[in-house]
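*Asks:*
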Amino acid sequence: MPQKPIDSIEDLKACLLNAKAFRRVNNRPFITISYAQSVDGSIAARNRQPIHLSGPESSALTHQIRAYCDAILVGIGTVLADDPRLTVRLAKGINPQPIILDTHLRTPPNAKLVKRSDPGPWIINETNSREDRTAALKKAGAKPISCVTAHDGKIDLCALMAMLSELKINSIMVEGGAQVITSFINSRLVDQFIITVSPRLVGGLQVIDSKGLNTESNLTLDRVSYQHLGDDLIMWARPVWKD
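By the count of my numbering, the sequence shown reaches residue 1312 at its end, each step adding exactly one.
#1: Under 8 Å, with one C-beta from each stretch per pair, do the stretch 1164-1176 and the stretch 1215-1227 reach the 3-pair mark?
#2: Got a sec? Which residues, its chain only, sit under 6 Å from R1202 by beta carbon, not counting five neighbours each side?
#3: Could you check the C-alpha separation between V1259 and G1110 for me, to the nearest Å?
#4: Give me the Cβ distance between Y1104 and G1273, rounded to the nearest whole Å; I'm assuming they're in contact under 8 Å.
#5: Is it right to say I1112 is buried, meaning 16 or more other beta carbons lie within 10 angstroms of its own, or is it exposed?
#6: Helix, strand or coil: how does DSSP classify L1086 here?
#7: Check T1289 in the structure and name its three-state DSSP category.
#8: Using alpha carbons as the reference points, say which of A1088, A1228, M1232, D1187 lies closest to G1210.
#9: Secondary structure at S1128, three-state DSSP: helix, strand or coil?
#10: With distances taken from CA atoms, which of H1297, S1107, I1134, V1157 is nearest E1079?
#11: Would you check if the distance between the CB atom of A1150 and the CB atom of V1271 is smaller than 8 Å?
#12: Quick check on the DSSP output: the beta strand (DSSP E) that includes S1252 runs from which residue to which?
#13: Could you name the residues of the same chain whose beta carbon sits closer than 8 Å to that of T1156, not counting the 5 residues immediately before and after it, in chain order?
#14: May I ask you to report which of helix, strand or coil DSSP gives R1202?
#15: So within the stretch 1127-1156, which uninterrupted alpha helix (DSSP H) runs reach at least 4 residues, ignoring any that extend past its ends?
#16: Tell me which same chain residues have a C-beta within less than 8 Å of the C-beta of K1161, skipping the five on either side of it?
#17: How many angstroms separate the CA atom of I1011 from the CA atom of M1232?
#18: Would you call W1305 buried or exposed, if buried means 16 or more other Cβ atoms sit within 10 Å of its Cβ?
#19: Should D1300 be labelled buried (16 or more other beta-carbon atoms within 10 Å of its own) or exposed?
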């Protein structure tokens, strides 16, 4: 992928035009982690209830990123807490393929993500998931996809990314929540960070799951740039892992 920093939506769009070549070389999609947090690093209230952090300008940016990516991924925690649609509404473009990490198929058949059909979600679950839940989600319009799990019982992200590569997913946007973002960092499956910082103090759920973060990940951020959008600050950065 390009050596120059990505510090604007135009740069990201240009980068993602080459995502197909990236996928073929690396056998996985180009992965962008994008989320909104408060100044103190909170992404939700202390009771895990969602809070709206992004201003109108940064919300529009988020929808532009969605429009440029082939797929958008969240965990089951986000689905149960927020019931999101993950569609493109504040920008021009088509909806990305929604993907839910849901090891035990807890996604409700009446969830907004399942009820939408443009396109319906892929629900990534363990290979021994209950057949009745699989059938109910299929009937509702979702597509459960089995994937191997890692030693911790969670979906093996490296195996999943290889599977998505086979399905011709060139680029993916990871929106959360905290456990999912932490798992991608632990697996070193990040190519770009786009972080919206809202001028608020929340004292809530932190974006990084400190109990789950591998302290040996040695992640630093490189090619960091900042952009003001309304009252929010957007940080663009590339990850660097130091072995």
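A virtual CB, placed ideally from N, CA and C, is assigned to each residue, including glycine.
*Replies:* Answer, in terms of the structure:
#1: Result yes; three or more Cβ-Cβ pairs closer than 8 Å.
#2: L1174, listed in sequence order.
#3: Distance between the alpha carbons of V1259 and G1110 is about 19 Å.
#4: Rounded to the nearest angstrom, the Cβ distance from Y1104 to G1273 is 13 Å, too far for a contact under 8 Å.
#5: Buried: at least 16 other Cβ atoms inside 10 Å.
#6: In the displayed model, L1086 falls within coil according to three-state DSSP, outside both helix and strand.
#7: In this structure, T1289 counts as strand in the three-state DSSP scheme.
#8: For the set A1088, A1228, M1232, D1187, the Cα lying nearest the Cα of G1210 is the one of D1187.
#9: Three-state DSSP puts S1128 in a helix.
#10: Each of H1297, S1107, I1134, V1157 was checked against the Cα of E1079, and the nearest Cα belongs to I1134.
#11: Contact flag unset, no.
#12: First-last for S1252: 1247-1255, but that is the alpha helix (DSSP H), not the beta strand (DSSP E).
#13: For T1156, same chain residues with a beta-carbon under 8 Å away, outside a window of 5 residues either side, are R1135, N1164, R1185, D1187 in chain order.
#14: Three-state result, R1202: helix.
#15: Listed in chain order, the complete alpha helix (DSSP H) runs (minimum 4 residues) inside the stretch 1127-1156 are 1145-1151.
#16: If we look at K1161 and ignore the five residues flanking it on each side, its Cβ neighbours are A1136.
#17: With the chain covering 1070 to 1312 only, the question about residue 1011 has no answer from this structure.
#18: Looking at its Cβ environment, which holds 16 or more other Cβ atoms inside 10 Å, W1305 is buried.
#19: The residue is exposed, with fewer than 16 neighbouring Cβ atoms inside 10 Å.
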